[in-house]
Amino acid sequence: MTSVLDLAPVVPVVVIEDAADAVPLARALVAGGLPAIEVTLRTPAALDAIRAIAAEVPDAAVGAGTVISPEGADAAVSAGARFLVSPGWTERLLDAMKASGVPFLPGVSTTSEVVALLERGVSEMKFFPAEPSGGTAYLKSLAGPLPQARFCPTGGISLASAPSYLALPNVGCVGGTWMLPPAAIAAGDWARVQSLAAEASALRDRV
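Following the working numbering, the numbering of the sequence shown begins with 122 at its first residue and continues without gaps.
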């Protein structure tokens, strides 16, 4: 099972209000070099968006974000999600994600949460919200006592700050929204999204 952390250096965190935007948006991101796309389960259109991307954009690895219940995990996988991401975790949610059959990243923001997941055999996690929770300095501190834990930091990360995260030995990728300007999406300016995605994809060569 391919690790979510190894799909791409940057995972776009997408909030889709209109399912009709899903396919052209995903195509623009893939064309820009960002094939791993996290569609957050924050809107009524999210599951339809995942379903459409899974069916019509074969080069995309579409996943579901903001998974906060076992029911949400099941619905996302049924819609075609190839990975799951949660902002935090409970024992019940973790069990559901483990049983889903797809890779998953449970969210953490404290050392105790990291240790608890390691105890459950989970070593790949989402660090959220990254910037408010201590950013690169916090993750650098975790690398010493907990080198087996790897992270996808998300929350407040920008094109400028992403390289400092990606340079850390315990970071596999970062999640972000900067390549998804709302004005461009509202206008259907997919060329702009593709250009920003290409800029983000190129970060792999800078670390």
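Every residue gets a Cβ at the ideal spot worked out from N, C-alpha and C, and that includes glycine.
Task: Alpha-carbon spacing of Val132 relative to Ala175, whole angstroms - done: 16 Å
Open item on the list: Suppose the cutoff is 6 Å on Cβ atoms and the five residues either side in sequence are ignored; what does the same chain contact list for Gln315 look like?
Closed with: Ala149, Ala152, Gly153
TODO: Compute the distance between the beta-carbons of Val229 and Val223, then report whether it is under 9 Å.
DONE: no
Task: Separation of Ala143 from Leu280, as counted between CA atoms - done: 23 Å
Open item on the list: Check this for me: beta carbons of Gly293 and Ser124, under 9 Å apart or not?
Closed with: yes
Task: Cβ neighbours of Ala157 in the same chain (closer than 6 Å, five flanking residues each side left out) - done: Leu128, Ala129, Val132, Ala182
Task: Reduced DSSP category for Glu245 - H, G, I as helix; E, B as strand; rest coil - done: strand
Task: Gly242 classed as buried or exposed, judged by whether at least 16 other C-beta atoms fall within 10 angstroms - done: Exposed.
Task: Ala185 versus Ile171 - alpha carbon distance - done: 8 Å
- [ ] Indicate whether Pro191 and Arg163 have their beta-carbon atoms separated by less than 9 Å.
- [x] no
Task: Contacting residues, own chain, Cβ-Cβ under 6 Å from Leu317 (five flanking each side not counted) - done: Met300
Task: N-terminal and C-terminal residue of the beta strand (DSSP E) that Glu159 is part of - done: 157 to 161
Open item on the list: Looking at the secondary structure, which residues open and close the alpha helix (DSSP H) in which Val236 lies?
Closed with: Boundaries of the alpha helix (DSSP H) harbouring Val236: 232 to 240, taken from the DSSP string.
Task: Buried versus exposed, by CB contacts within 10 Å (16 or more), Pro227 - done: buried
Open item on the list: At the level of alpha carbons, what is the spacing between Glu320 and Ala283?
Closed with: 12 Å
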